[in-house]
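Worksheet for the structure shown next.
Protein chains in written order, with this note's numbering: chain A, 2 to 326; chain B, 454 to 729; chain C, 3 to 335.
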């Protein structure tokens, strides 16, 4: 399994004007890897995964780029083919389980609908598989859960159901959009441990979107840092977190010293996505900005075998190493 | 998607608003200033049921009235009634609606009562009120106010409650601002757009009610024209093909009502955004 | 749920009180206004006694309520008929036109609205929006006239707008007062065809007028449902677009049904005019005539009948919504 996203550009056409939400996003998810996309809200993380899965609002348009999933360009294939991949070969874990689950249908019906979207199966067969999945995600009374409705479940239970649905067809890749932000802090860790366990056990890959650096540190192999619709830095978590190369990554890491807290306390404001970006979007908040930063968008440069950064600075020399106080 | 690339505030972005304002303004200007080619209340017995022509732009009816002159004359009567009713509803409904956003059981009960009122066939109500209070079309304002005020109150209440939840009202409350001050200084400015939109809708509804009543001959005194009366005058002629007698006043009602609705639609869009 | 049931008697009380207030708002001496200029002293006195105006206010009010509680709505001033009998006689025709209109309005309006909601912000949505906006601005009686002009006068597809049966048709024996049902019971297939043909114009009029509102609410609710997280998740799981639309409909169903209750109330008013225009001889036409005649007992009966009818429709649809939504269903039990 591999997912290679190249030069993804997505815009939204709104009454206020054109929103430049993703402006050339590049990253890869390798076989068996867990990759985290991290950034502030409005950085284009969610837009990126919605573009890949074809889930954009009608106002959203992918203008350029490709997303090669095992060689198939998800952005170029017909909607029908994309539909066959979604759910079957790419599982999706939503942010808020109560938003995602259908309140009008029993949990069993929802398993059934997903299964029937991809395979011929009769109800008893689906029920057996759903029960099996629910047990694997740690639901104690799977029978009762199947016969009930979403509103009867706790937040953690409902998210387990969502995970079970996402993994029902044994997809090699799972995409998770902030899978725990809607949940109680107490169950967040349980859910994340569960997800990671299921991914590793099935030798799957995962792309997880989050604004929580703690989640990335603990659960991801590699991290993609996004800012203003662009990837500013990419690399193995261990390396990026100990020696960030982009001033934004550095600022992020400095602002969040502990697990579980949100990105906050960065000076300045998030850039206005309504105007076409020129130069480096981060320059207004960057402590190391030079005049040249306003001229051209910094190209992404490979640093070593497994890292990349988009910054004009000679990062090794000019960006200081992270000092945790 | 060409509209898409345009910047905000362009004509195209709020086409409905500009179209509506243009039509309504044109109608008001015509009602006040337009010279009438013929006397709207003096029929010409020699020109009965003339089809539209250069002499009679919208034709004449079965008595010999000039339809065009009467369409304009009717606007002088129908538009003030509709706008008057709508504005009075806003004047009464807005403070009452704001008051119900204050916490308390009383406001809850009042709103429940209004909900029951909504279940009523309101057109029937208007007809009954005008007939029983002396059969004068002016009384329709009373009926309109009775119908539109509760709607205004409901809307202001729901908008007001939503805004109350937001931070700045909480802050004002925390700083010890008095309830009345909160209502008028903090809430009112934030619902102006909604009030304008709802008043526009109320005017559109009122115009329909006025037309329906005068169509039924309620509250009218011949030969004074009203769009509804004129449509009624041509109703039977529709079965014999003289379409112009009903059609032109009908188009006038249609254009006015649609314009007011379009204005309301765009106002909603514009103000919802800023108040958020 | 219980709260909803408690609302009903309170609302009914308001309806009855309101129908009573109608007499009170009449300026001057209501008896004189009703009897007219030509009436003599004796006639006016009779009407005054009928209205109870010769007794004190509180006594009148209480008596009015006790009479109504016993189903006694009095007799018409105009033709002396017992009001409650008249209502049961004319009500079925109104139900027929309203049910038929709602059926077609729902069919047309919901399809148009669903189309617009599904393709929101794209071409079909823009077209639907224009159609909805335009249709909402045409008064129903104008729709009726335009239909008469085109369908009757120009194209001769429908018979003249005079009554539910032609002069040559005979009315079936009255069993249910529902003309369609009575014709079927009488086995009068020609009559049935005739009345169906004559129903086209009035039903189309009310259906078109109401369809715009159905379309509007369907467009808004389904449009919102289409961009909900629920639909997004359904799509992310690979459900077909047909299923996805079904999910959106499930979500929009409740609000649409609730809104239908409001439409029914509006329909009762609209039906009065349309029934009169097409000589439909339903409750609406009867009530409108009563109002024009200042026939106070009949008006009061009409107000109470229509008010309670819409109230019952509100409650019934509320119950339907509750029964369809598992979240409410479970709360109750």
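Glycine included, every Cβ here is placed at the ideal spot set by N, Cα and C.
Practice task
Let me know the beta strand (DSSP E) ranges lying completely inside the segment 226–259 of chain A, each 3 residues or longer, listed in chain order.
Solution key: 231–237
Handout entry: Option in 200(A), 192(A), 89(A) with minimal Cα separation from residue 119(A)
Key = Residue 89(A) is the option with its Cα nearest to residue 119(A).
Practice task
Mark residue 212(A) as exposed unless 16 or more other C-beta atoms lie within 10 angstroms of its C-beta, in which case mark it buried.
Solution key: buried
Exercise for the section: Could you tell me the boundaries of the alpha helix (DSSP H) in which residue 275(C) lies? Expected result: 243–279 is the span of the alpha helix (DSSP H), which, as asked, contains residue 275(C).
Exercise for the section: Would you check if there are 3 or more beta carbon pairs closer than 8 angstroms linking the segment 286–304 of chain C to the segment 72–90 of chain C? Expected result: yes
Practice task
Within its chain, find whatever has a CB closer than 8 angstroms to the CB of residue 295(A); leave out the 5 residues flanking it on each side and keep chain order.
Solution key: 279, 280, 281, 284
Handout entry: Contacts around residue 288(C), its chain only, beta-carbon distance under 6 angstroms, and the 5 residues preceding and following it disregarded
Key = 92
Practice task
Taking C-beta pairs closer than 9 angstroms, name the residues in chain C that residue 511(B) reaches, listed in chain order.
Solution key: Under the 9 angstroms cutoff, chain C gives no residues; its nearest Cβ is about 15 angstroms from residue 511(B).
Practice task
Could you say which of 171(A), 214(A), 229(A) lies nearest to residue 241(A) if we only look at CA atoms?
Solution key: 214(A)
Practice task
Return no unless some Cβ of chain C is closer than 8 angstroms to the Cβ of residue 166(A).
Solution key: yes
Practice task
Verify the CB distance criterion: does residue 58(A) have a CB-CB separation below 8 angstroms to chain C?
Solution key: Closer than 8 angstroms to some Cβ of chain C, the Cβ of residue 58(A) qualifies, so yes.
Handout entry: Distance between residue 228(A) and residue 310(A) (C-alpha atoms, nearest Å)
Key = 12 angstroms
Exercise for the section: Name the one or two DSSP bridge partners that residue 10(A) has. Expected result: 24(A), 65(A)
Handout entry: Partner residues on chain C for residue 95(A), Cβ-Cβ distance less than 8 angstroms
Key = Per Cβ cutoff of 8 angstroms: 231, 234, 235, 238.
Practice task
Would you please state the rounded distance, in angstroms, between the beta carbons of residue 182(C) and residue 194(C)? I believe it to be under 8 angstroms.
Solution key: Indeed they touch by this definition, with Cβ atoms about 7 angstroms apart.
Practice task
Check the Cβ-Cβ distances between residue 319(C) and every residue of chain B, and say whether any is below 8 angstroms.
Solution key: no
Exercise for the section: Can you grab the Cα-Cα spacing for the pair residue 194(A) / residue 168(A), in whole Å? Expected result: Computed Cα separation, rounded: 15 angstroms.
Exercise for the section: Can you give me the start and stop residues for the alpha helix (DSSP H) that residue 148(A) sits inside? Expected result: Judged by DSSP secondary structure, residue 148(A) falls within the alpha helix (DSSP H) whose first and last residues are 143–148.
Handout entry: DSSP three-state assignment for residue 39(A), whether helix, strand or coil
Key = strand
Handout entry: Contact set for residue 132(A): own chain, Cβ-Cβ below 8 angstroms, skip 5 residues either direction
Key = 143, 144, 147
Problem - Residues bridged to residue 309(A) [DSSP beta-bridge criterion] - result: Looking at the DSSP assignment, residue 309(A) forms a beta bridge with 235(A), 303(A).
Practice task
Rounded to whole angstroms, what's the CA-CA distance from residue 713(B) to residue 104(C)? Just pull it up for me.
Solution key: 26 angstroms
Exercise for the section: With 8 angstroms as the threshold, decide whether the Cβ of residue 517(B) is near any Cβ in chain C. Expected result: no
Handout entry: Ranges of the alpha helix (DSSP H) found wholly within the segment 499–553 of chain B, counting only runs of at least 4
Key = 520–552
Practice task
Could you tell me whether any Cβ in chain C is nearer than 8 angstroms to the Cβ of residue 150(A)?
Solution key: Judged by the 8 angstroms Cβ criterion, residue 150(A) is in contact with chain C.
Handout entry: Chain-ordered neighbours of residue 155(C) on chain B, where CB pairs are closer than 8 angstroms
Key = 691, 692, 693, 694
Practice task
Kindly say whether residue 672(B), judged by its beta-carbon, lies nearer than 8 angstroms to any beta-carbon of chain C.
Solution key: no
Exercise for the section: Report yes if the CB atom of residue 20(A) is closer than 8 angstroms to the CB atom of residue 274(A), and no otherwise. Expected result: yes
Practice task
Provide the residue span of the beta strand (DSSP E) that contains residue 178(A), from first to last.
Solution key: 174–178
Handout entry: Of the residues 279(C), 254(C), 311(C), the one placed nearest residue 119(C), counting alpha carbons only
Key = 254(C)
Exercise for the section: Look at residue 541(B) and residue 483(B) and say whether their C-beta atoms are less than 8 angstroms apart. Expected result: Against a cut-off of 8 angstroms, the Cβ pair of residue 483(B) and residue 541(B) comes out as no contact.
Practice task
Give the residues of chain C in contact with residue 285(A), contact being defined as C-beta atoms less than 9 angstroms apart.
Solution key: The contacting residues do not exist; residue 285(A) stays about 32 angstroms from chain C at best.
Problem - Buried versus exposed call for residue 42(C) [16 or more other C-beta atoms within 10 Å across all chains shown] - result: exposed
Handout entry: Residue burial classification, residue 495(B) (beta-carbon count within 10 angstroms, cutoff 16)
Key = exposed
Exercise for the section: Look at the Cβ atom of residue 141(C), then the Cβ atom of residue 673(B), and state whether they are nearer than 8 angstroms. Expected result: no
Practice task
With a threshold of 16 other CB atoms inside 10 Å of the CB of residue 98(C), please say whether the residue is buried or exposed.
Solution key: Counting C-beta atoms within 10 angstroms of its own C-beta, residue 98(C) has 16 or more neighbours from the protein chains shown and is therefore classed as buried.
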